[in-house]
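> Structure in structure tokens, see below.
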Ligand code: GLA
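Residue numbers (this note's numbering): 5 to 391.
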């Protein structure tokens, strides 16, 4: 990211080159395993990426918020004397949702100019939205001297997405973006927020993120549909167990009583969540024991369950994963994030990297007509001020 060029863009857009702005960065995230478990109070294992969103921000005296992005055409100016309202299908809902949350917490927000610039692909399942929310929340916290803790900012950003944007997401993305640590994955219990940084630097092995470049149409409404299906599963099971979330049931408990869920689709949704939860625990044990091959097998099993039980993969993700798994030197491969398009994550022996990118890219293109993009990802630090 060429910060100097972006600063010049900021001044070109907003003028007043004698008044210096501040600059913040929030990463995106990749989830290694534990998919669609967070809003069920389950376990996840994500890490923050080296890619993310840069925010150049400057307070102004007028009661206005001006929002511009170098990635999106849409830009806007809103007046702080009016109510903040959602703008259908626009990226500005992420920062505006955070401003709305600060106002709801009685933080006086003054006028400001903001320029966002991302080097993660948007809408690709790498949490560009959580990254925009968290960089805004972190910057506002700093500039208003609000003293919210990182956990407060994480919860507030999740609320912005739930209440303002309208996606009933869990807490994983905002948590990973806020708490990420270089060379570590975050083992997180999404019900209690208890967490442990797990060293994740694998000798001779790279973490490769591949983007299907499939447009994720209707992803938000399908996501909310899955959230509702899990709630229905809880309703069926609460005749037998005193639970409010699916993760409160162990794999063994579910195995014994699964037939009590009369609806076959809902049973499969619950089966995914509860087995995936167990897979996260097993994966952390594998990392602990340095058993990376078994870790890869769990990644593969996770994808299979997301495909067959949870039905959030689709042809493009399935093809990219299947082609990846054929390459010798691939330890494991799965979709990452919400699904319905977006990205896969694979662990690849370094000596197989060129073959991986070449052959998987070629076969994926032959089968889908799309070109995949490949990134070697590094587990990185969370949100921070950079200038
Ligand atoms: C999206 C949501 C997360 C999580 C994942 C699926 O990224 O924002 O909260 O539910 O999907 O694991």
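A virtual CB, placed ideally from N, CA and C, is assigned to each residue, including glycine. All figures in this text were calculated on a predicted structure; none of them were measured in a lab.
Contact check, residue 216 vs residue 324 under 8 Å by CB: the rounded distance?
Between residue 324 and residue 216 the Cβ distance is about 6 Å, and since that is below 8 Å, they are a contact.
> Could you give the uninterrupted runs of the beta strand (DSSP E) lying entirely in the region 181–219, keeping only those of 3 residues or more?
Complete beta strand (DSSP E) runs here, min 3: 188–193, 199–203 and 209–215.
> Residues in its own chain within less than 8 Å of residue 262 by CB, not counting five upstream and five downstream?
Contacts found: 271, 274 and 275.
> For the region 370–377 against the region 40–54, are there 3 or more C-beta pairs whose distance is under 8 Å?
These segments do not touch.
> For ligand 1, is there a heavy atom less than 7 Å away from the beta-carbon of residue 132?
Not so, every heavy atom of ligand 1 lies at least 7 Å from the Cβ.
> If you follow the beta strand (DSSP E) that residue 374 is part of, which residue opens it and which one closes it?
Per DSSP, residue 374 belongs to no beta strand (DSSP E) and is neither H nor E.
> Compare the beta carbon distance of residue 265 and residue 241 with 8 Å and say whether it is the shorter of the two.
The answer is yes: Cβ separation under 8 Å.
> So, under 8 Å CB-CB, residue 202 and residue 189 are touching, yes? Tell me the CB distance rounded to an integer number of Å.
5 Å between Cβ atoms; contact.
> Starting from residue 314, trace the alpha helix (DSSP H) both ways and give me its first and last residue.
Here residue 314 belongs to no alpha helix (DSSP H), and DSSP marks it neither H nor E.
> Whole alpha helix (DSSP H) runs in the region 7–38 with 4 or more residues, listed along the chain?
Fully enclosed alpha helix (DSSP H) runs of 4 or longer: 7–18.
> Taking only heavy atoms of ligand 3 into account, decide whether any of them is closer than 7 Å to the Cβ of residue 176.
Among the ligands modelled here, namely ligand 1, ligand 3 does not occur.
> Going by beta-carbon coordinates alone, are residue 59 and residue 120 separated by less than 8 Å?
It is a contact, given that the beta carbons lie within the stated cut-off.
> What number of angstroms, rounded off, separates the C-alpha of residue 62 from the C-alpha of residue 311?
Rounded to whole angstroms, residue 62 to residue 311 spans 45 Å at the Cα level.
> Counting Cβ pairs, one atom from each stretch, are 3 or more of them under 8 Å apart for the region 142–149 and the region 78–95?
As far as the Cβ criterion goes, the region 142–149 does not touch the region 78–95, which means the pair count is below three.
> With distance defined between alpha-carbon atoms, name the residue in 68, 277, 208 and 211 nearest to residue 237.
Measuring from the Cα of residue 237, the nearest candidate turns out to be 277.
> Would you mind reading off the limits of the beta strand (DSSP E) that contains residue 239?
Counting along the chain, residue 239 falls outside any beta strand (DSSP E), though it belongs to the alpha helix (DSSP H) covering 223–241.
> Which of the three DSSP states, helix, strand or coil, is assigned to residue 71?
DSSP places residue 71 in strand when its eight states are reduced to three.
> Run through DSSP, which three-state label would residue 290 get?
Helix, per DSSP.
> Following a CB-centred definition, is residue 341 positioned closer than 7 Å to any heavy atom of ligand 1?
Flag set: Cβ of residue 341 near ligand 1.
> Among residues of its own chain, excluding the 5 on either side of residue 103, which ones have a beta-carbon nearer than 8 Å to its beta-carbon?
Closer than 8 Å at Cβ, skipping near neighbours: 69, 88, 113, 140 and 144.
> Within 7 Å: the Cβ of residue 97 and any heavy atom of ligand 1?
Incorrect: residue 97 has no Cβ contact closer than 7 Å to ligand 1.
> Taking all protein chains shown into account, decide if residue 198 is buried (16 or more other Cβ within 10 angstroms of its Cβ) or exposed.
Label assigned to residue 198: exposed.
> Just confirm the distance between the C-beta atoms of residue 209 and residue 351, as a whole number of angstroms; I'd bet it's less than 8 Å.
Contact holds; Cβ gap of about 5 Å.
> Take the Cβ of residue 284 as the centre, count every other Cβ of all protein chains shown within 10 Å, and call the residue buried at 16 or more, exposed below.
Buried, since its Cβ has 16 or more Cβ neighbours within 10 Å.
> Could you have a look at residue 111 and say whether DSSP puts it in helix, strand or coil?
Residue 111: coil per DSSP, three-state reduction.
> Considering only their Cβ atoms, is the gap separating residue 30 from residue 349 smaller than 8 Å?
No; because the gap between Cβ atoms is not below 8 Å, this pair is not in contact.
> In this structure, how does DSSP classify residue 58 when only helix, strand and coil are distinguished?
Reduced to three states, the DSSP call for residue 58 is strand.
> Kindly indicate which three-state DSSP category residue 284 falls into: helix, strand or coil?
Residue state, collapsed to three classes: helix.
> If you follow the alpha helix (DSSP H) that residue 137 is part of, which residue opens it and which one closes it?
Run containing residue 137: 132–148, per the alpha helix (DSSP H) assignment.
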